[in-house]
Ligand SMILES: C[S@@+](CC[C@H](N)C(=O)[O-])C[C@H]1O[C@@H](n2cnc3c(N)ncnc32)[C@H](O)[C@@H]1O
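Numbering (the working numbering), first residue to last: 42 to 269.
Next up, the structure:
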């Protein structure tokens, strides 16, 4: 399975002048919490999809609906951030998008994703707080289930800006409830700083069809601007 690099934290600075080649990624160690998280997802990897299926996981359908609305070009290079086992990539591929890159810090999850054969590249990395220039510039990034407590921290939202070209689209979900304010705050600040433009939010909806865990989430769509 082609997986790029060992355990990196990826965060390209939005003001990077000369992006490096993706093959020359600099390594940064992740904070301890991310290591524990990765170990947890590695252990869950083989059962993850069965569990999501049992609960009626709704994000793949809703993320792809948002992609259809905002990303017309089916050849656009799409980065699936926190791709996990590849559920979002699979749904995107079924919708006709075929230039997909997966990024996830869990090698176990990434192996499941690679087995699907829907991604052109598999990047074993975490979006984190450390500055890192990857040289990867995509037309859009999607992040499902990634920006939430114990996963990518609120500051990591800014890292997306270095991975998507100006004018490109970012689609992500934020859960409603505890911890949401910190993510909302950073998202608003990036808009106020003209780093991205807010395009659309869905109404809150149940993450799982059966209403498991009472989880509600919202999908937000942004366009990278970079200037006021
Ligand atoms: C709930 S799963 C969602 C997986 C997939 N997006 C889906 O919708 O099925 C969260 C994923 O985010 C990944 N993740 C956690 N922290 C991350 C970070 N800082 N950067 C990128 N991915 C991260 C985990 O390894 C895990 O695979």
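The C-beta atom is built at its ideal place from N, Cα and C for all residues, glycine as well.
- Less than 7 Å separates the beta-carbon of residue 120 from that of residue 204.
- Pairing residue 210 with residue 112 gives a Cβ-Cβ distance under 7 Å.
- Taking residue 101 as reference, the option from 108, 132, 79, 93 with the minimal CA-CA separation is 132.
- Residue 189 has no beta-bridge partner at all, per DSSP.
- Within 6 Å of the C-beta of residue 96 there is not a single heavy atom belonging to ligand 1.
- With a cutoff of 6 Å, residue 211 does not count as near ligand 1, since its C-beta is closer than that to no heavy atom of the ligand.
- Counting along the chain, the unbroken alpha helix (DSSP H) around residue 128 starts and ends at 128 to 135.
- Inter-segment contact for the segment 182 to 196 and the segment 223 to 237 is present: three or more beta-carbon pairs are separated by less than 8 Å.
- The continuous alpha helix (DSSP H) containing residue 226 extends over residues 221 to 233.
- With distances taken between CA atoms, residue 167 lies nearest to 124 out of 124, 118, 106, 91.
- Taken through DSSP and simplified to helix, strand or coil, residue 215 comes out as strand.
- Only exposed fits residue 87, as fewer than 16 other CB atoms lie within 10 angstroms of its CB.
- Distance from the CA of residue 152 to the CA of residue 243, rounded to the nearest whole angstrom, comes to 31 Å.
- According to the DSSP assignment, residue 102 belongs to the alpha helix (DSSP H) that extends over 100 to 111.
- Ligand 1 has a heavy atom closer than 6 Å to the beta-carbon of residue 128.
- With a cutoff of 7 Å on beta-carbon distance, residue 147 and residue 98 are scored as not near each other.
- Exclusion of residue 106 from the 6 Å shell around ligand 1 follows from its C-beta lying no nearer than that to any non-hydrogen atom of the ligand.
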